[in-house]
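Quick notes on the structure that follows.
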């Protein structure tokens, strides 16, 4: 019974919806709301990686590149091309999908760490272009992101963006859960376990991997757009190597292959640095220490490890 | 021609350091299947340690020795306190632990040292030596020569000593190595210690040319990892060739194409190599069992 509840799709969505609904009640100030909104946004990006890494088993160390493309789409689109911000967001998502297709097609033939280094190169090149093409992107100083105006209503401030990012996370989670429960999702898990065996039972391994890469790229792109729109400002650092590492870390710390885990991992890596700022110069050391301790104590990630614990208690 | 030669010199110099970092990656990977992302931070410990010990009044050789020992200690502690307790965890989890360790080491380095850039005096003067119309700094000879000494020493250790052969045996087949009585845990600790020493040596040699700071490790880890992959993960010769190759590609990219995009040039070249040879230049073709 408990096992069924824990693994049902509706339970996962209700849990996420409850978390999104309860934070504004508990948050004492808009600062906390902003941090929570960041958790939902990075949770969305981590969800994409859950499909790619957690299910299909393909490592990417360059997904901040897609985050950067999505972020700069909503900055460059309105400012330089005169496009509507929401249209820019959509175009950014489409662009991420196309780039993911073009990049993924050749490099997804690589396996394991070889794929990791190829995606790392991709992310690095995106960050480099964003930094160097100052005429379009404002260079290393970044650029302003125009505010969104919807039906004459100017969306600014933390509260509307909190609900928009929360809604985006829920939609993203719903799509991810449906993908993972579909035949395609099972095909991804099959090729994760063994590509040869999966191909043997008729899974088009290359096509499925590419689909997972494109989907995860679009997720990261939309998350990047939301991040830029909420902050109203964007720098090339968004596409940086450390950000890519952070995204992967969220998925692994939360628990590979778990939808809730992706959000928990995002919360871990977004909230913790904020909480640790009180430690000032000790911040980085403590953050590294906590990551190590959590991975040593809960090697399968927070959510799967806790889930196992709950099930063992119940049994 | 002179310009070409100049680029070759600078490419080989920085490439030699990448090669040393890649060698460190290779040693740990062979013993454990883990990519140790804290590898670059050993380079920083070597450089920063020497800078601060010399500032405390020690001579260069003494300071360098102590810095190497310190790096080895950090490597052994990393293995004993973070990798060993998580034995049996998946490689992804272990890699995450090394990423945590890398953040931790940088955090501690900020406290122990500082956040400034530092340099070391060149070991044997700064008068450039002219060769074929190009010039080369004496320190470059130290870096390239030091790299070859480390490679030769490592080769002798692995091929000619019993414990070195135990390392090779563990790399070839961990279970079989354990069955013939090799203590795999000791071998893994040794791999971490050795890779730390190699990284620290690289850091000490290159600091007079490139400067050092608490966070330079990230860049070296990135380039060293790339070098190890181009060469073919797990192959020491591949690591050296890969490191030198990336150094050369960066130098040529900066010299002939665009200095802003030198990293892009290097990575595009890496992608091309990997697409033609998916296992790297010297990597073995992996056969997947079902």
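Chains as they are written, first to last, in our numbering: chain A, 485 to 799; chain B, 11 to 300. Every residue gets a Cβ at the ideal spot worked out from N, C-alpha and C, and that includes glycine. Since the structure is predicted, the reported quantities are computational estimates derived from the model, not experimental observations.
- Could you list the residues in the stretch 562 to 593 of chain A with a C-beta less than 8 Å from some C-beta on chain B, going in chain order? 590, 591, 593
- Query: Using a C-beta cutoff of 9 Å, does residue 692 of chain A count as contacting chain B?
  - Reply: With 9 Å as the cut-off, residue 692 of chain A does not count as an interface residue toward chain B.
- Query: Looking at the unbroken alpha helix (DSSP H) that takes in residue 639 of chain A, where does it start and where does it end?
  - Reply: No alpha helix (DSSP H) contains residue 639 of chain A, which is instead part of the beta strand (DSSP E) from 637 to 639.
- Message: As a quick exercise: from B:249, B:128, B:15, B:188, pick the residue whose alpha carbon is nearest that of residue 65 of chain B.
- Response: B:128
- Using a cut-off of 7 Å between C-beta atoms, extract the partners of residue 120 of chain B located in chain A. 765, 768
- Message: I want to see whether chain B comes within less than 9 Å of residue 793 of chain A, judged by CB atoms only; does it?
- Response: no
- Runs of alpha helix (DSSP H) wholly within the stretch 270 to 298 of chain B (minimum 4 residues, chain order): Within the stretch 270 to 298 of chain B, the complete alpha helix (DSSP H) runs of at least 4 residues are 272 to 286.
- Task: For residue 772 of chain A, return the contacting residues in chain B, with the cut-off set at a CB-CB distance below 9 Å.
- Result: 109, 110, 111, 112, 113, 114, 115, 116, 117, 118
- Could you tell me whether the Cβ atoms of residue 530 of chain A and residue 750 of chain A are closer together than 9 Å? yes
- With a cut-off of 9 Å, does the C-beta of residue 95 of chain B fall near any C-beta of chain A? yes
- Determine, using beta carbons only, whether residue 215 of chain B and residue 27 of chain B come nearer to each other than 9 Å. yes
- Task: Identify which residue in B:36, B:30, B:242, B:143 has its Cα closest to the Cα of residue 12 of chain B.
- Result: Checking every option, the nearest Cα to that of residue 12 of chain B belongs to B:143.
- Message: Measuring alpha carbon to alpha carbon, tell me which residue in B:14, B:24, B:49, B:19 is nearest residue 203 of chain B.
- Response: The shortest Cα separation from residue 203 of chain B among B:14, B:24, B:49, B:19 belongs to B:49.
- Would you report the Cα separation of residue 278 of chain B and residue 505 of chain A, rounded to the nearest angstrom? Their backbone Cα atoms lie some 46 Å apart in a straight line.
- Item | Secondary structure of residue 768 of chain A, DSSP reduced to three states | helix
- Consider the Cβ of residue 200 of chain B: report whether some Cβ of chain A lies at a distance smaller than 9 Å. By the rule that beta-carbons nearer than 9 Å mark a contact, residue 200 of chain B does not touch chain A.
- Task: Starting from residue 145 of chain B, trace the beta strand (DSSP E) both ways and give me its first and last residue.
- Result: 144 to 146 is the span of the beta strand (DSSP E), which, as asked, contains residue 145 of chain B.
- Query: What's the call for residue 597 of chain A, buried or exposed, on a 16-neighbour Cβ count within 10 Å?
  - Reply: Looking at its Cβ environment, which holds 16 or more other Cβ atoms inside 10 Å, residue 597 of chain A is buried.
- Query: Cα separation between residue 252 of chain B and residue 281 of chain B?
  - Reply: 13 Å
- What's the gap between the Cα of residue 43 of chain B and the Cα of residue 680 of chain A? 22 Å
- Can you give me the Cβ contacts of residue 62 of chain B inside the same chain, cut-off strictly under 7 Å, excluding the 5 residues immediately before and after it? Once the five neighbours on either side are set aside, the close Cβ partners of residue 62 of chain B are 123.
- If the cut is a Cβ gap below 7 Å, which residues of chain A does residue 288 of chain B touch? 593, 594, 598
- Measure from the alpha carbon of residue 212 of chain B to the alpha carbon of each residue in B:134, B:29, B:82, B:14, then state which is nearest. B:29
- Compare the beta carbon distance of residue 736 of chain A and residue 656 of chain A with 9 Å and say whether it is the shorter of the two. no
- Item | Proximity to residue 286 of chain B [Cα-Cα], best of A:591, A:606, A:580, A:733 | A:591
- Item | Spatial distance of residue 141 of chain B from residue 702 of chain A (CA atoms) | 53 Å
- Query: According to a CB-to-CB cut-off of less than 9 Å, which residues of the stretch 28 to 60 of chain B neighbour chain A?
  - Reply: 39, 45, 47
- Task: Following the continuous alpha helix (DSSP H) through residue 611 of chain A, name the residue where it begins and the one where it ends.
- Result: 596 to 616
- Query: On the three-state DSSP scale, how would you describe residue 547 of chain A?
  - Reply: Residue 547 of chain A falls in the coil class under three-state DSSP.
- Item | Same chain, Cβ closer than 8 Å to residue 761 of chain A, five either side skipped, listed in chain order | 767
- What are the start and end residues of each continuous beta strand (DSSP E) run of 3 or more residues lying completely inside the stretch 626 to 713 of chain A, in chain order? 632 to 634, 637 to 639
- Message: Strictly under 9 Å for the Cβ-Cβ distance: is residue 106 of chain B near chain A by that measure?
- Response: yes
- Item | CB contact below 9 Å: residue 551 of chain A versus chain B | It does not; no Cβ of chain B falls within 9 Å.
- Message: Taking CB distances under 9 Å as the criterion, tell me whether residue 558 of chain A reaches chain B.
- Response: Not one chain B Cβ lies under 9 Å of residue 558 of chain A.
- Task: Using a Cβ cut-off of 9 Å, pull out every chain A residue sitting near residue 280 of chain B, in sequence order please.
- Result: 601, 602, 605
- Item | DSSP three-state assignment for residue 256 of chain B, whether helix, strand or coil | In this structure, residue 256 of chain B counts as helix in the three-state DSSP scheme.
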